[in-house]
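Chains as they are written, first to last, in the working numbering: chain A, 1 to 191; chain B, 192 to 382. The next block holds one structure in the form of structure tokens; read it before the comments.
Number of protein chains: 2
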Amino acid sequence: MRLLEERIRKDGVVKPGNVLKVDSFLNHQMDIELFNEMGKEWKRLYSDVKVDKILTIEASGIGIAAIAAQYFNVPVVFAKKTKTINLDGDLYSTEVKSFTHQTVYNVVVSKRFINAGDNLLIIDDFLANGNAINGLMDIAAAAGAKVAGVGIAIEKGFQEGGRELREKGIRVESLAIIKSMDAEKGTIEFG
Amino acid sequence: MRLLEERIRKDGVVKPGNVLKVDSFLNHQMDIELFNEMGKEWKRLYSDVKVDKILTIEASGIGIAAIAAQYFNVPVVFAKKTKTINLDGDLYSTEVKSFTHQTVYNVVVSKRFINAGDNLLIIDDFLANGNAINGLMDIAAAAGAKVAGVGIAIEKGFQEGGRELREKGIRVESLAIIKSMDAEKGTIEFG
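Structure below.
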């Protein structure tokens, strides 16, 4: 999606360790007009697919998912991150490793909000190693729901998450795929 | 706002300890159509006020703030909660006590995203003792920004947060104010 790529080039900051900071428009300050264009684009890409509900994960997924939901006319469920192991039988729970924070957390969703047979569109801001998305896929599977597709704002194409998901037959639509980036030169190449 | 009150009556669950669960439509599963009506209502209430930016706090504030922002045509900044004390000089930081979780956390916002003179509309899902909102007010004050108003989905009118803010001269517009609720009878009275 050219608009998002241009915005990343303009306002994204490449940091050492393959970190891309997009906090001025995506995941701290949120450009809601841009989010609307992203929502329209996911709807265009997934126009052939039945979506009953959008599933995302706090915190950075919530804003883009809420705006995108307007184009699908569906509710959004956001998975919650928690450090405590929750033994509440009313929750689907799975463990996710955070690459950025070098830690492990649990991701939980109330069983009331995902039903067997639901067609889910999973939305998140980043796809790198795929841990967060795989956690949401685990929860969908536990609920007997179907993942109609995955919508990502920025995929780090040089990490393995996207490739692994597609090899499993999961449809992944990333609005910007970064082929490479260079912290020293401050360059970003899209693929 | 009648629509929200009706929805709270229909789908809200009163729990012991003055807890109101609205996770089926507000802060776990999100009813985006309802959020749009809430956004329109905040815009109607604050139509006389200059708003440059909406400030909210993760995670439950993000969805309602993102949808509401469409009616104000402004970006949203969401404050982040962190347990670690962040000595990064690029952040505004303040301490907030959580009533629900009986814990203390830090709330941080990058200095790049709130400027002196900004007119902020603060939005959040709940107002009870006011700790989260006061934390956001601290950050606004540190930045030299003006709080044009506070928009709340559900105010617990029997707790002191709303009264204290209004006594300080802060304009607070809550879409539903709960006067009392009873976990045993499952009743909710609006005021």
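Beta carbons: idealized from backbone N, C-alpha and C, even for Gly. Computed from a predicted model, the values in this text were never measured in an experiment.
Query                                                                                                                                                                                                                               : Result
What is the DSSP secondary structure of B/GLY342, reduced to helix, strand or coil?                                                                                                                                                 : strand
Counting pairs of Cβ atoms below 8 Å between the stretch 149 to 156 of chain A and the stretch 173 to 184 of chain A, do you hit three or more?                                                                                     : yes
Thinking C-alpha only, which one of A/LEU34, A/PRO16, A/LYS97, A/ASP11 is nearest A/ASP23?                                                                                                                                          : A/ASP11
Between which two residues does the beta strand (DSSP E) containing B/SER251 stretch?                                                                                                                                               : Segment 251 to 263 is the alpha helix (DSSP H) holding B/SER251; no beta strand (DSSP E) there.
If the cut is a Cβ gap below 9 Å, which residues of chain A does B/ILE276 touch?                                                                                                                                                    : By Cβ distance, chain A contributes nothing, its closest Cβ being about 16 Å from B/ILE276, past 9 Å.
When you compare only the Cα positions, how much space is there between A/LEU136 and A/LEU55?                                                                                                                                       : 8 Å
For chain A, find out if any of its Cβ atoms is closer than 9 Å to the Cβ of B/ASP222; answer yes or no.                                                                                                                            : yes
From what residue to what residue does the beta strand (DSSP E) around B/LEU282 run?                                                                                                                                                : 282 to 289
Between the stretch 238 to 249 of chain B and chain A, which residues of the former have a C-beta closer than 7 Å to a C-beta of the latter?                                                                                        : GLU249
Just to check my reading of the structure: B/ILE223 and B/VAL268 have Cβ atoms closer than 8 Å, yes? What is that Cβ distance to the nearest angstrom?                                                                              : That belief does not hold up - the Cβ atoms of B/ILE223 and B/VAL268 are roughly 21 Å apart, past 8 Å.
Count the other CB atoms, across all protein chains shown, that sit within 10 Å of the CB of B/HIS219; report buried if there are 16 or more and exposed otherwise.                                                                 : buried
Give the residues of chain B in contact with A/SER110, contact being defined as C-beta atoms less than 7 Å apart.                                                                                                                   : ASP214, HIS219
So, with DSSP's three-state summary, where would you put B/ASN297?                                                                                                                                                                  : strand
Mind checking if B/LYS206 is an interface residue toward chain A, Cβ cutoff 9 Å exclusive?                                                                                                                                          : no
Using 8 Å as the cut-off, can you tell me whether the stretch 39 to 58 of chain A makes contact with the stretch 104 to 123 of chain A, which would need three or more C-beta pairs spanning the two stretches below that distance? : yes
Against A/VAL77, what residues of chain B qualify as contacts under a CB-to-CB distance less than 9 Å, listed in chain order?                                                                                                       : HIS219, GLN220, MET221
Can you give me the Cβ contacts of A/MET181 inside the same chain, cut-off strictly under 6 Å, excluding the 5 residues immediately before and after it?                                                                            : VAL14, ILE188
Based on Cα-Cα distance, which residue from A/ASN129, A/LEU3, A/THR82, A/LYS185 lies nearest to A/GLY162?                                                                                                                           : A/ASN129
Report yes if the CB atom of B/GLN261 is closer than 9 Å to the CB atom of A/ASN36, and no otherwise.                                                                                                                               : yes
Could you list the residues in the stretch 301 to 325 of chain B with a C-beta less than 8 Å from some C-beta on chain A, going in chain order?                                                                                     : SER301, ARG303, PHE304
For A/ASP90, is the classification buried or exposed, using 16 other Cβ atoms within 10 angstroms of its Cβ as the cut-off for buried?                                                                                              : exposed
For the beta strand (DSSP E) containing A/PHE78, name the first residue and the last one.                                                                                                                                           : 76 to 82
Starting from B/GLU380, trace the beta strand (DSSP E) in both directions and tell me its first and last residue.                                                                                                                   : 378 to 381
Nearest CA to the CA of A/ALA143: which residue from A/GLY17, A/ASN131, A/ARG112?                                                                                                                                                   : A/ARG112
Anything in chain B within Cβ reach of A/ALA69, meaning under 7 Å, just list it in chain order.                                                                                                                                     : ILE223
Classify A/MET137 as helix, strand or coil using the three-state DSSP reduction.                                                                                                                                                    : helix
Starting from the beta carbon of A/ILE8, find every residue of chain B whose beta carbon is closer than 7 Å, and list them in chain order.                                                                                          : In chain order: nothing, as chain B lies at least about 17 Å away.
Looking at chain A, is there any beta carbon in it that lies within less than 9 Å of the beta carbon of B/LYS234?                                                                                                                   : no
Beta-carbon of B/ALA256 versus every beta-carbon of chain A: anything under 9 Å?                                                                                                                                                    : yes
Would B/VAL242 pass as a contact of B/GLY340 if the rule is Cβ separation under 9 Å?                                                                                                                                                : yes
Please confirm whether any heavy atom of the ligand FMN lies closer than 8 Å to the CB of B/LYS347.                                                                                                                                 : Only the bare structure without any ligand can be found here, which leaves the ligand FMN out of the picture.
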